[in-house]
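Engineer: Numbering of the sequence shown is given in full-length UniProt numbering, commencing with residue 1 and proceeding in unit increments.
My structure is below; once you've seen it, I'll send some questions.
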Amino acid sequence: MASRSRRPRELEPPRAVIRESRRESSRSETDRRRRRRISPTSSEEDISRIKIYDDASAQDSDPEYPPPPPEPENDTDIRYRPMVPFSWRNEICRFLDISPDALDEEVFQAMGKAAKTLKEVEQMKARYEARRGPPRYEVIHSVRCEQSRMEGRLYLDQPWVVESGPNNAHLRGSQPILNFELFLERNKEVVFVVYKDYRCCGRQQNSRSKAHMEPGGQVEASSLLTAEHISIISPELSSAMVDFSETALAEFPHTDFKEGEEMKHPYIWWFHRRKEINEVLGKHELSSWSLMVNLVREYVLERMAEEWETVDELLARKKISLKYMDYLFVPDQIAISTEQGRDISKLQGVVTQGWLERRPSLHYSAIVNVRFWTFDGTFRKVSKEFSVKDLPITLLAEMEEFNITDLPLYPIEYASHETTEALRKRGRMFWKCRLRNYVGLVHETSEEIRDSIGSRFMVDIATHKKLHRDAKARAQRQPSPGPNDLESRYMSQGNPDLGDDFFVCLPTSIFGFNMDKKEWVKLDVHFLRDVVWNTEAFDFLVVPEETKLLIQAVVTNQLQTTENADLIRGKGNGLFILLHGGPGTGKTLTAESVAEVARKPLYRVTCGDIGTKAEDVEQYLNVVLHLGKTWGCVVLLDEADVFLEQRSLVNLERNALVSVFLRVLEYYDGILILTSNRVGIFDEAFKSRIQLNLRYRNLDRDQRLKIWKNFFIRLRRLEEEASTRHSDLSYGAKVDEMLDKLDELAEANLNGRQIRNAVSTARQLARYQKEPLSYKHLTVVITEAEKFDEYLLELNRTYTADEIQRDKGER
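And the structure:
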């Protein structure tokens, strides 16, 4: 046998090289095994565990095998991390709860036992599922005895009354639930529980129990029922109700339907959304949640059908009773408050922010949170608790019906159409007054509706705040807009789309400046109307046509003037008109007509308003002219003789008044009209400051005839308006008869004011005599007036007032 040839020793690789090669081969095989074990879906925890076991196996197999170097923490590619062997045997032993050192036979026996146990569990689960049945609910009666002061006992059957305890009204049941958790465990098909809470043997039940006694004197168990609610048990039902609510109850306040969440009787949210709920359930009959939700629906409808039918019938007649008060209000609903009064001008719109909450009380008492708008230059939402009490019923008369509108707070849907429209109209008027508005006041009485004479008001909240805030308020900075403030972008819009929850819920009153009384007053917005300018007043003015033309020209040009022609800034841009003449010649009427034609407010000032001290006069005039400029008024200084009188070396106080008046006029750039019947005493300095001087002569016969005619035409119009309103204030007027007597009436030497007074007095005389106004009533009044004039002539030695003033050089 030939011997094997042996390789020369120098050609053999060193032992260290062979050992290193074997290590590399083993390492490659380990990496291949590791890659096979790692799937793309392996978690970080699984990969780490494989690493640990592979490292441990490698170290155990070869003591010389060094541990792998640590990988950087930021290495995200797990495929290139060094891995170690994984011991499946150790994992199986750990799962079977046996020692890793157990023999293989022991491991196999434990695995067989575990497989048998798992099979038995699956069989038990199948039998349980077959026995479980479809989902259902359970009604549980909870009884709390006030005498024993124990926690409520649970019964499956409705409790009955036994003759024991206070008032012989103790409740007892025959099917108690001793362990509620065990009950639910044995009845897995129960998805929700209806709890009915009873209280017995208490003092508060005395009157209620007597009211619900059976004919034999036995107290009814139902009279001791205090509350009811549905509690969700199944997470499947909770999920189904959540899915269902996203469509059927969208944007409507309701419970969250979480597991354990309570739905309280009488399920008002379901009552108000019945239509939407039925529509959604009809469209989703095959949805995954319809079976569960329909189970709740079946109970609620069966439980509440009779009561809801009663409530529907009451609400259809706009009636309600104490028992069903909770059905009236829902969150985010517009309601009407009568807190300020039941007159339509006092009704306040609010928006409810929650459900009605009853308060424990001997009499009915409940609250509901509401919000509404306030205004102080900024529209701001405020909230308050509104108390619903003092109901129009007798004590404890739960079923007594009454009108919903008799409540101190009721939903706007039960108000009349006229009331709703009045609140909307009032809100629109308030919006017109948000910046500045010149308004008239219409009073509504049982007799007639008419424009109050002289009742015009300037509504300007910014000016009101500026004039009435104290020093502390002036020092404070304007607060920044808050989350409840109306956005400023709306303030410049004439008709913003803000809806009824804004316009209906605005304040009922606002401050306005009475242009006649010169004072700020609180106005009911309901009675405010836009000013109707009397443009015909200038046409009825009885003055020469050239005079009227001149007045129209200067006033129109003044309104169109935008630039100041004076060399000194702020001076010389005003229009000053002096009207002088005897009384009753039309001076004041001219000023009023100018304001009507110019469509400007008339700010009337008299000497009595201003005062006599120079300091007070200057302060008052500055305020008047400031308001006149701010509001664009025509300022009328009536009977301005005391301020225009010529200065002298004797009366220094009067000189100061004249100087103050001259200085103030110098810088006013609006329209100022002065009237006087003593132009002869004017100071020389006023002549250069007055652009237009108009003399009013005493009325001649033709002018008096025209004035009489104008009054009769106006009277006929008033009578026609009164007849359309069916007013019984007047017995009419024989206007045609009086027009036929114009020549006779014009013969009486009366001025314009005397003619107006004669017509007014004659109307009162005719009304007192219950006769139509006629010529005979006018003659009675004129005769008495002439008697007085004759006496004055006799007293003044036949000199008229004009002649006397002319002799003095004053007219």
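Ideal Cβ placement from N, Cα and C applies to all residues, glycine included.
Which of helix, strand or coil does DSSP assign to Asn495?
Structural biologist: In the structure shown, Asn495 sits in coil (DSSP, three-state: anything other than H, G, I, E or B).
Engineer: Please check the pair Val143 and Gly133, which I expect to be a contact at CB under 8 Å, by giving their CB distance rounded to whole angstroms.
Structural biologist: About 28 Å separates the two Cβ atoms, so there is no contact after all.
Engineer: List the whole-angstrom C-beta distance separating Trp289 from Asp243, where the pair is believed to meet the contact cut-off of C-beta under 8 Å.
Structural biologist: Rounded, the Cβ-Cβ distance is 5 Å, consistent with contact.
Engineer: Taking the CB atoms as reference points, tell me whether Ser387 and Ser416 lie closer together than 8 Å.
Structural biologist: no
Engineer: Would you list the residues sitting across from Trp520 in a DSSP beta bridge?
Structural biologist: Phe513
Engineer: Going by DSSP, what residue range makes up the beta strand (DSSP E) through residue 820?
Structural biologist: In the structure displayed, the chain extends from 1 to 811; residue 820 sits before or after that span and is not available.
Engineer: Determine the direct distance from the alpha carbon of Phe379 to that of Leu625, and round the result to whole angstroms.
Structural biologist: 30 Å
Engineer: Ordered along the chain, which non-local residues of its own chain (more than five positions away) have a Cβ less than 6 Å from that of Glu138?
Structural biologist: Val190 and Val193
Engineer: Would you say Ser509 and Val531 are within 8 Å of each other, going by their C-beta atoms?
Structural biologist: No, the Cβ-Cβ distance between Ser509 and Val531 is not below 8 Å.
Engineer: Measure the CB-CB distance between Tyr410 and Ile461 and report whether it falls below 8 Å.
Structural biologist: no
Engineer: Does the region 671-686 come within contact of the region 575-588, defined as at least 3 CB pairs closer than 8 Å?
Structural biologist: yes
Engineer: Alpha carbon to alpha carbon, what distance is there between Val521 and Arg678?
Structural biologist: 35 Å
Engineer: State the DSSP-derived secondary structure class of Ile52, mapped to helix, strand or coil.
Structural biologist: Note that Ile52 scores a pLDDT of 41, beneath 50, so its modelled location is shaky; the value from the coordinates is reported in the next line. Assigned with DSSP and collapsed to three states, Ile52 falls in helix.
Engineer: Assuming Leu314 contacts Leu391 (C-beta within less than 8 Å), just tell me the rounded distance between them.
Structural biologist: That belief does not hold up - the Cβ atoms of Leu314 and Leu391 are roughly 15 Å apart, past 8 Å.
Engineer: Suppose only complete runs of 3+ residues qualify. What are the beta strand (DSSP E) ranges in the region 339-376, listed by chain order?
Structural biologist: 348-352 and 366-375
Engineer: Is Pro601 closer than 8 Å to Tyr775 when the C-beta atoms are compared?
Structural biologist: no
Engineer: Looking only at its own chain, which residues have a Cβ that is under 6 Å from the Cβ of Trp631, when we skip the five neighbours before and after it?
Structural biologist: Met458 and Pro601
Engineer: Quick test of your reading: Ala785 and Tyr731, contact by CB under 8 Å. State the CB separation rounded to the nearest angstrom.
Structural biologist: Not confirmed; about 23 Å, so no contact.
Engineer: By how many angstroms is the C-alpha of Leu356 removed from the C-alpha of Cys200?
Structural biologist: 26 Å
Engineer: With a threshold of 8 Å between beta-carbons, can Gly494 be considered close to chain B, or not?
Structural biologist: The displayed structure is made up of one protein chain only, and chain B is not part of it.
Engineer: Over the uninterrupted beta strand (DSSP E) stretch that includes Val191, give me the two end residues.
Structural biologist: Val190 to Cys200 is the span of the beta strand (DSSP E), which, as asked, contains Val191.
Engineer: Give me the residue from Leu237, Arg695, Leu589 and Pro331 with the minimum Cα distance to Ile268.
Structural biologist: Pro331
Engineer: What residue does the alpha helix (DSSP H) around Glu784 start on, and which one ends it?
Structural biologist: Tyr775 to Leu795
Engineer: Sorted by chain position, which residues of the same chain lie with C-beta nearer than 8 Å to Phe375's C-beta, five sequence neighbours on each side aside?
Structural biologist: Phe430, Arg434, Ile461, Leu506, Pro507 and Ile510
Engineer: Considering only the beta carbon of each residue, do Asp683 and Leu718 sit closer than 8 Å?
Structural biologist: no
Engineer: Distance, Cα to Cα, Gly611 vs Glu737?
Structural biologist: 48 Å
Engineer: Where does Met429 sit, in a helix, a strand or coil, going by DSSP?
Structural biologist: helix
Engineer: Using 8 Å as the threshold, is the C-beta distance between Ile404 and Gly349 below it?
Structural biologist: no
Engineer: Less than 8 Å between the C-beta atoms of Asp641 and Arg604, yes or no?
Structural biologist: no
Engineer: Less than 8 Å between the beta carbons of Gly608 and Tyr696, yes or no?
Structural biologist: No Cβ-Cβ contact shorter than 8 Å links Gly608 with Tyr696.
Engineer: By Cβ distance below 7 Å, which residues in the same chain neighbour Ala248 in space, the five residues on each side in sequence not counted?
Structural biologist: Arg273, Glu276, Ile277 and Val280
Engineer: Taking its Cβ as the centre, do 16 or more other Cβ atoms sit within 10 Å of Leu792, making it buried, or is it exposed?
Structural biologist: exposed
Engineer: Is Trp308 helix, strand or coil when you go by DSSP?
Structural biologist: In the structure shown, Trp308 adopts helical secondary structure according to DSSP, grouped into three states.
Engineer: Measure the C-alpha to C-alpha separation of Tyr299 and Lys319 and round it to an integer number of angstroms.
Structural biologist: 27 Å
Engineer: So what's Ile98 in DSSP terms, helix, strand or just coil?
Structural biologist: coil
Engineer: Taking the alpha-carbon positions, what's the Pro159 to Gly202 distance?
Structural biologist: 16 Å
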